[in-house]
Amino acid sequence: TYNYKRNRELFQKALKVIPTGIYGHLGPTSSCFIPVDAYPCFASRAKGAYIWDVDGNRFIDYMCAYGPNILGYNDEDVEAAVEKQMKLGNCTTTPFAIMIDMAELLVDTVEMADWAFFAKNGGDVTNFALMVAKAATGRKKTILVKGGYHGVAPWTQKLGYPGIVEEDVANNIYVEWNNYDQVEKIVRENPGEIACFMATPYHHPIFMDNELPKKDYWQKIRKLCTDNGIVLAIDDVRCGFRLDLKGSDHYFGFKADLMCFCKALGNGWNFSALCGIDALKDAVSSVMYTGSYWLSAVPFAAGIACINKLKKINAPKIMKSQGKKLTDGLVDIGKRHGFNLIVTGEPSMWYMRIANDDSLMLHQEWVAECVKRGVFFTNHHNLFMNCAMTDEDIEFTHEVADEAFKVVKARNKELF
Ligand code: PMP
3 TYNYKRNREL FQKALKVIPT GIYGHLGPTS SCFIPVDAYP CFASRAKGAY IWDVDGNRFI
63 DYMCAYGPNI LGYNDEDVEA AVEKQMKLGN CTTTPFAIMI DMAELLVDTV EMADWAFFAK
123 NGGDVTNFAL MVAKAATGRK KTILVKGGYH GVAPWTQKLG YPGIVEEDVA NNIYVEWNNY
183 DQVEKIVREN PGEIACFMAT PYHHPIFMDN ELPKKDYWQK IRKLCTDNGI VLAIDDVRCG
243 FRLDLKGSDH YFGFKADLMC FCKALGNGWN FSALCGIDAL KDAVSSVMYT GSYWLSAVPF
303 AAGIACINKL KKINAPKIMK SQGKKLTDGL VDIGKRHGFN LIVTGEPSMW YMRIANDDSL
363 MLHQEWVAEC VKRGVFFTNH HNLFMNCAMT DEDIEFTHEV ADEAFKVVKA RNKELF
């Protein structure tokens, strides 16, 4: 199994000058990277479905940078477009007209979109969506789903977390996923006060099986919002372009008022987009919102190349069928060894856990054995497919998973 000597040396070096070494969910203090010693810390290069770490170990990367890698790292069409724009310029006082091309492409591609507004991170646009909803309605409360993730702005976090005060979350009302009656009751009890209902298209929390919407859930929520003047904002930051290029609202058969996109937009080139309907254009225009790099041109060049290629190859179909092949195989191989591997969510961004023990320790052990053999899974977070993953990659993953199941079973004989 892999050796991480250089990774560890560099992590110690990072700790001296960077708080926590690698911060947030990408760092080893995140519960996704348990046990920490199974994981590399730093990449040395990336191509297609793979990353190589600073010790020279190769991994099939099933985290895809937490979503941005959708075509494969360093995709040649995206990189050619980037190189071309790079020669012309990137961050300039007046934006390049390529920004309009990018907006037109989104309006043409995303079914609900009449306009597009660009920023950098997913959190920029979820935050903006709320501001737009408040500006449009003159109301201040938001309904959010428990366990939903919308970024790190104070309103997205929990009271009790460091740096969060009561006022930050005072206007949030939390509901259970897929519970329409609860939403309906809250709307009834807060007449004329709810500005926005914000949720992801399906429920993909950490540490929990992921859940698709119940039949008619979104159609009923859509009607409730329309009838009560509530803005329906969908956070498609994670699902966007992995389920349906027309938008995940389209995939589940309804139409959102606002859609937040980020991760897969530019195959890793940094930008996000809020898309919306005409009725909200004045409200969007009225809100003060901008950033130093938000109109930079290179990510737009990447975005145009990326979306055009996603369309050309019918990317969601590829990721769904490859994801199904991969996860069906993992479940079967696990079963042969006596493991009950449960897979939930969409195949292009599935969630999995070994359910033989409640503690999740077996799952963590198995994931660790996979990682140390070149299959980069994490624990307790959904994983991601990308379009560069081949049948050979899936076969290799199955072989590694098989070996990892054997090792974990031998170590935990009493459980089988
Ligand atoms: N919403 C969802 C559903 C996400 O998955 C993420 C990122 N994991 C965000 C919002 C925040 O995006 P960012 O980290 O780019 O600000």
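Residues in the sequence shown are numbered from 3 upward in steps of one, following UniProt numbering. The beta-carbon is built from N, C-alpha and C at its ideal position, and this holds for glycine as well.
So what does DSSP say about residue i, is it helix, strand or coil?
i, result
"residue 355", "strand"
"residue 206", "coil"
"residue 253", "helix"
"residue 247", "coil"
"residue 217", "coil"
"residue 135", "helix"
"residue 166", "coil"
"residue 50", "strand"
"residue 45", "strand"
"residue 410", "helix"
"residue 161", "strand"
"residue 228", "helix"
"residue 35", "helix"
"residue 365", "helix"
"residue 151", "coil"
"residue 193", "coil"
"residue 124", "helix"
"residue 2", "There is no way to answer for residue 2, as the model of the chain reaches only from 3 to 418."
"residue 88", "helix"
"residue 12", "helix"
"residue 308", "helix"
Considering only the alpha carbon of each residue, which of the options lies closest to residue i?
i, options, result
"residue 142", "151, 157, 152", "157"
"residue 257", "283, 225, 132", "225"
"residue 350", "28, 319, 134", "319"
"residue 390", "325, 289, 360, 365", "325"
"residue 92", "302, 50, 57, 217", "302"
"residue 144", "215, 232, 153", "232"
"residue 120", "17, 154, 100", "100"
"residue 46", "55, 38, 40, 229", "55"
"residue 339", "69, 370, 358", "358"
"residue 278", "138, 375, 84", "138"
"residue 267", "255, 244, 282", "244"
"residue 242", "38, 24, 386, 77", "386"
"residue 229", "207, 197, 201, 5", "197"
"residue 9", "344, 30, 260", "30"
"residue 178", "170, 166, 5, 202", "202"
"residue 13", "24, 82, 166", "24"
"residue 6", "392, 272, 38", "38"
"residue 334", "284, 400, 35, 255", "400"
"residue 281", "290, 294, 259, 296", "259"
"residue 192", "317, 174, 85, 204", "174"
"residue 248", "289, 316, 393", "316"
"residue 87", "305, 330, 413, 355", "305"
"residue 95", "163, 298, 81, 348", "298"
"residue 43", "164, 11, 66", "11"
What whole-angstrom Cβ distance do residue i and residue j have, given they're in contact under 8 Å?
i, j, result
"residue 146", "residue 176", "6 Å"
"residue 53", "residue 61", "5 Å"
"residue 181", "residue 346", "Not a contact, Cβ separation roughly 18 Å."
"residue 369", "residue 402", "Not quite, the Cβ-Cβ distance comes to about 11 Å (not below 8 Å), so this is no contact."
"residue 407", "residue 341", "6 Å"
"residue 150", "residue 207", "7 Å"
Do residue j and residue i count as a contact pair if the criterion is CB distance below 7 Å?
i, j, result
"residue 33", "residue 382", "yes"
"residue 155", "residue 124", "no"
"residue 262", "residue 237", "yes"
"residue 134", "residue 286", "yes"
"residue 108", "residue 115", "yes"
"residue 353", "residue 388", "no"
"residue 68", "residue 49", "no"
"residue 1", "residue 51", "Residue numbering for the chain in the displayed model covers 3 to 418; residue 1 lies beyond these limits and cannot be assessed."
"residue 2", "residue 336", "For residue 2 there is no data in the structure shown, the boundaries of the chain being 3 and 418."
"residue 373", "residue 40", "yes"
"residue 300", "residue 265", "no"
"residue 172", "residue 200", "no"
"residue 185", "residue 276", "no"
"residue 269", "residue 57", "no"
"residue 254", "residue 220", "yes"
"residue 291", "residue 98", "no"
"residue 307", "residue 83", "yes"
"residue 418", "residue 64", "no"
Going by DSSP, name the residue or residues bridged to residue i.
i, result
"residue 261", "236, 277"
"residue 174", "144"
"residue 117", "278"
"residue 200", "146, 235"
"residue 60", "54"
"residue 344", "355"
"residue 377", "62"
"residue 75", "50"
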